[in-house]
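Only one structure is covered here, and it is reproduced in the block below.
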Amino acid sequence: MLTKSQKKYLFAIYMLGQEGGAVKSTTVSDVLGVSKASTVKMTQKLIEEQYIIKEPYREIRLTSKGVREANKLFTPSVILRNFLRTAVDVPDDKAREAGMVMATELDEDILEKLVQYCLSLA
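Under our numbering, the sequence shown has 199 at position 59, and the numbering climbs by one with no breaks.
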């Protein structure tokens, strides 16, 4: 099972790479607001667990396993973002950020129930 930090990194790589494209680790650091050293450390963990591929001095790519896990985060984030925008009238940029935070921070069972609730209102 992925940690919250791993989820954040996978989600960021997925979004930056638009479903499979290569991403620079410095860009991931900038987007997440973390140090380059933190990104290197997490990159190693994600490589070991086969979520990403990164050759030395090359860009990061999600593996098929990484794409599957990132999709599990992306879909709920979109549903929650749309709910926040339409039902609660949250501006899109804030709704997008909140959707990402909820998708990566909430317990999987709670996230699933919240997503199902949002879908039931549609």
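For glycine and all other residues, C-beta sits at the position ideal for the given N, C-alpha and C.
For residue i, the residue or residues it bridges with in DSSP
i, result
"D200", "Sequence check: residue 200 is Ile here, not Asp. Looking at the DSSP assignment, I200 forms a beta bridge with V163."
"I193", "R201"
Extent of the continuous alpha helix (DSSP H) to which residue i belongs
i, result
"E248", "248-261"
"G239", "232-245"
"V180", "176-188"
"Q146", "144-157"
CA nearest to the CA of residue i, picked from the options
i, options, result
"I193", "P231, N211, I153, I250", "I153"
"T215", "E199, P231, R236", "R236"
"K185", "L156, S204, K147, D249", "K147"
"G157", "A210, E188, T179", "A210"
"S204", "E195, R198, I187", "I187"
"S217", "L254, T183, K176", "L254"
"T166", "V241, Y197, G206", "Y197"
"I219", "G206, E252, Q190", "E252"
"G206", "E199, K234, E189", "E189"
Three-state secondary structure (DSSP) of residue i
i, result
"V228", "coil"
"G173", "coil"
Rounded distance between the beta-carbons of residue j and residue i, thought under 8 Å
i, j, result
"A162", "R208", "So it is not a contact: roughly 18 Å between Cβ atoms."
"L172", "L213", "Rounded, the Cβ-Cβ distance is 14 Å, inconsistent with contact."
"A238", "L224", "6 Å"
"K144", "T244", "6 Å"
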